[in-house]
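A.B. asks:
Numbering (the numbering used here), first residue to last: 19 to 198.
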């Protein structure tokens, strides 16, 4: 159980570095955030280490910052779920927060809700090799991969030309392949 989330709008002994954006303020522990990596968290950590008490962030929207900081700081451990992982993926990729990207990759590997082909799309877009390997190993044979692909396309009203080329390559579908 995660417990009650910390109120990031209030400073305390652990969270005392202020992140400012528009009319919102969040208080964070820069040591904790720095463990995730990434230039943004490193900058905050360095500013905090030099005695600064706040930082104005304009590279992310209020909603993006709220999602990121709530996921990484509000509980004793990072919290990733189906409602926040898409936004967190974009932010982690944009800001090169490698620790968060690996956490998101683990979430996708373990997810039973995300379709395997969608997982392969994420793996191609965000360079998640472990996710791709996990998905491909879950298929017993090539026919199962093709069945999964066409089921995914049918569910989403798409066709084979809408599929990322790297996903097709992972599924061993070449441009010269004939699929009936």
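Every residue, glycine too, gets a C-beta built ideally from N, C-alpha and C.
1. Buried or exposed for residue 180, please, with buried defined as at least 16 other CB atoms from any protein chain shown within 10 angstroms of its CB.
2. Give the DSSP bridge partners of residue 102, in chain order.
3. In the DSSP assignment, the alpha helix (DSSP H) including residue 121 goes from what residue to what residue?
4. Just verifying my parser: in three-state terms, what is the DSSP assignment at residue 49?
5. Provide the residue(s) that pair with residue 35 in DSSP beta bridges, ordered along the chain.
6. Please classify residue 66: is it buried, with 16 or more other beta-carbons within 10 angstroms of its beta-carbon, or exposed?
7. Going by other Cβ atoms of all chains shown within 10 Å of its Cβ, with 16 needed for buried, is residue 92 buried or exposed?
8. Based on the DSSP output, what are the partners of residue 132 in its beta bridges?
9. Hey, does residue 173 have any beta-carbon neighbour from chain D nearer than 7 Å?
10. Is residue 74 helix, strand or coil when you go by DSSP?
11. With 16 as the cutoff for other CB atoms within 10 Å, does residue 137 come out buried or exposed?
12. Report the option in 172, 174, 167 whose CA atom is closest to the CA atom of residue 191.
13. Quick one: measure Cβ to Cβ for residue 94 and residue 35, integer angstroms, because I've assumed they're closer than 8 Å.
14. Thinking C-alpha only, which one of 173, 178, 135 is nearest residue 162?
15. Sort 89, 128, 132, 142 by Cα distance to residue 117 and report the nearest one.
16. Which residues in the same chain as residue 182 place their Cβ atom closer than 6 Å to its Cβ, once the five residues preceding and following it in sequence are excluded?
C.D. replies: The answer reads as follows:
1. exposed
2. BP columns for residue 102 are empty, so no partner.
3. 116-128
4. helix
5. 46
6. buried
7. buried
8. Residue 132 pairs with nothing; no bridge assigned.
9. The displayed structure is made up of one protein chain only, and chain D is not part of it.
10. strand
11. buried
12. 167
13. Not a contact, Cβ separation roughly 18 Å.
14. 135
15. 89
16. 139, 142
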